[in-house]
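First comes the structure, then the notes that go with it.
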Amino acid sequence: MAAELTAHQLIEQHRPTLDQALEAIRTRAYWSPHPEHPKAYGENGSLDAAAGKAAFDALLGSRLDLGQPGTDDWVGGETSPYGIELGVTYPHADVDTLLPAMRAGQRAWRDAGAEMRAVVCLEILKRISDRTHEFAHAVMHTSGQAFMMAFQAGGPHAQDRGLEAVAYAYVEQVRTPDDAEWTKPQGKRDPIALTKRFTPVPRGVALVIGCNTFPTWNGYPGLFASLATGNAVLVKPHPRAVLPLALTVQVAREVLAEAGFDPNLVALAAERAGEGIAKTLATRPEIRIIDYTGSTTFGDWLEANARQAQVYTEKAGVNTVLVESTDNYKGMLSNLAFSLSLYSGQMCTTPQNLLIPRDGIRTEEGPRSYDEVVADLAKSVGGLLGDDARANGLLGAIVNPDVKARLEAAAGLGEVALASREIANPEFPDAVVRTPVIVKLDGAKPDDQAAFMNECFGPVSFAVAVDSAADAVALLRRTISSKGAMTVGAYTTSEEVEEAVQEACLEECAQLSLNLTGGVYVNQTAAFSDFHGSGGNPAANAALCDGAFVANRFRVVEVRREA
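Take 71 as the starting number for the sequence shown in the numbering used here and just add one per residue.
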């Protein structure tokens with residue numbers, strides 16, 4: 071196939087964006103090339119709201135033919151958490167045929183060099199960005215996110231994380247020069263002179279195992295980190311969230327072909343109902359890198375059994391917020407209420423345990439007892455979600471029956487401070503929408519500990535009474551160490567308590583947010599600036615995104631000869 075995108079065109083168009091991304095990860099300042107507002111789209115080839123919705127509607131009931139080798143069947147079966155059948159079918163691959171085809175294109179992709187790979191990845195991201203409205207509906211109807219969250223988290227924020235991975239990948243690959251002249255003096259004898267060439271060499275085929283809740287946001291970092299470092303990438307979506315990643319694969323294959331590369335460098339591995347191909351793929355010798363987001367059980371299995379691969383996991387933790395004192399009580403309650411409610415708590419970063427001294431806390435309005443703090447928080451959540459239209463826009467839909475079951479069971483674990491209520495969605499009558507539940511537990515009781523020391527994924531939070539701030543810090547440390555945490559929050563006006571919390575998080579390797587009372591929440595992170603996870607506690611063995619996330623996806627091979 072004749073190349074339609076030349077290296078010169080791609081570099082001229084995308085090198086400035088790459089340079090800005092490199093500067094952003096160096097300074098950690100705010101930057102994003104992907105607009106967050108839906109009205110920013112509709113020009114320069116991008117789809118506006120109406121066109122994006124129409125493009126999504128046109129996908130329903132269709133066959134998404136990616137032109138992959140080894141297609142032996144067509145599979146599908148996604149049902150939106152909002153109650154509609156997507157009806158899209160995808161190629162089912164004979165991996166014995168597909169994997170060799172994917173490996174065939176790696177030599178040319180390797181030889182293209184770090185810059186060319188980076189700008190091809192940026193072209194893929196640009197085309198995805200142009201279709202953000204279409205992708206937003208795909209994310210909404212596979213994850214259950216409300217539309218605006220699906221638009222932002224599944225669109226620009228996911229694209230930012232993909233670009234961030236490309237930037238880190240580029241930095242690590244160009245750390246070593248392509249060529250070097252080496253001369254060693256030998257006294258009176260002639261010096262020894264060598265010419266050396268250094269080539270970043272990919273590990274092999276990378277496997278991305280997608281998740282149900284954030285298919286693009288969690289999928290793009292690994293996909294683009296592996297692709298930018300020269301690896302072919304096989305994308306295995308979650309069976310309930312295939313469409314967003316299938317569209318991503320479609321775009322990637324188109325761009326690779328137009329740039330003169332083998333489109334089989336990126337392929338999709340959709341599965342039949344109940345087939346469970348992740349374990350089979352993960353242990354194949356061709357698979358040398360694995361990116362996984364999901365349950366701790368399967369993440370642990372991958373780390374133990376996929377020994378031939380470099381495995382990057384984001385699993386589950388017990389996220390904790392310590393509440394000791396505040397000088398902005400209403401701001402604290404409002405911030406926590408939003409954090410507990412966003413996407414029905416179906417985020418790996420949502421706080422679960424709120425550690426509150428049983429003697430109460432200090433505020434600028436005077437002391438508040440444990441019971442008063444919990445009641446006030448329940449009132450704040452109730453006020454935030456009191457209007458059903460606003461609640462639907464914030465909560466989205468319950469992603470699967472397991473979350474609903476956990477929510478219903480939580481009410482039996484202790485005294486309910488805030489009961490969950492059902493909300494009707496007029497646009498999608500079959501959507502399951504529930505407000506959060508807050509349950510009061512005692513940190514000193516073994517039965518209560520058994521409840522709050524395990525992750526309860528979904529809109530469930532535990533207000534845990536503790537004896538003191540020191541006991542809260544000790545419990546926080548124990549939770550991170552044994553269960554892991556993607557996020558930690560703390561509210562305190564005490565320098566001593568702040569230092570103790572900070573030291574616990576530094577030693578146990580957990581990301582900490584202190585005294586958030588405004589428009590930034592503990593369960594949100596910004597690409598190019600914030601690290602998502604740390605890779606240093608049981609919740610995840612990698613961080614999105616740092617040098618360690620990309621550096622081991624390739625090795626540097628040296629060829630030297632006498633000058």
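Ideal Cβ placement from N, Cα and C applies to all residues, glycine included. A quick note: this is a predicted structure, and the numbers were derived from the prediction, not measured.
Rounded separation between E185 and G300 - CA only: 11 Å
Beta-bridge partners of T390, as assigned by DSSP: N423 and V558
Limits of the unbroken beta strand (DSSP E) element including L277: V275 to I279
First through last residue of the beta strand (DSSP E) which encompasses S414: Run containing S414: none; DSSP gives neither H nor E here.
Residue range of the unbroken alpha helix (DSSP H) whose run includes W287: P285 to A298
Limits of the beta strand (DSSP E) - the one that S150 falls within: Element bounds for S150: n/a, residue is neither H nor E.
Straight-line Cα distance separating V627 from L264: 16 Å
Counted within 10 angstroms of its Cβ, other Cβ atoms place S564 as buried (16 or more) or exposed: exposed
Range covered by the beta strand (DSSP E) that runs through G146: T141 to G146
Range covered by the alpha helix (DSSP H) that runs through Q49: Past the boundaries of the shown model lies residue 49; the chain is included only from 71 to 633, so the question cannot be answered.
Enclosing beta strand (DSSP E) for P270 [first to last residue]: R259 to P272
Buried versus exposed, by CB contacts within 10 Å (16 or more), W254: A small fix is needed here, since residue 254 is Lys in this sequence, not Trp. When all chains shown are included, K254 counts as exposed.
Proximity of G289 and D397 at Cβ, strictly below 9 Å: no
Nearest candidate by alpha-carbon position, reference G635, set G225, G153, P261 and Q380: No answer is possible for residue 635: it lies beyond the span of the chain, which begins at 71 and ends at 633.
Stretch pair the stretch 494–508 + the stretch 189–207: three plus CB contacts closer than 8 Å: no
Alpha-carbon to alpha-carbon, G183 and S552: 42 Å
Closest by C-alpha distance to L313, when choosing among A574, T149, E93 and L546: T149
Any chain C beta carbon closer than 9 Å to S583: Absent from the structure is chain C; it holds one protein chain and no more.
Boundaries (first-last residue) of the beta strand (DSSP E) holding K449: That residue, K449, is in no beta strand (DSSP E); its alpha helix (DSSP H) goes Y440 to L454.
6 Å Cβ shell around F598 - same chain, five flanking residues per side excluded: A94, I95, W101 and E234
Inter-residue Cα distance where the pair is L614 and T595: 10 Å
Buried/exposed call for L406, threshold 16 Cβ in 10 Å: buried
A216 and L464 closer than 9 Å at C-beta: yes
Cβ separation of T159 and R133, assumed to be a contact under 8 Å, to the nearest whole Å: 5 Å
Rounded separation between V534 and S583 - CA only: 19 Å
Proximal residues to E155 (C-beta, below 6 Å), its chain only, five neighbours per side dropped: T149
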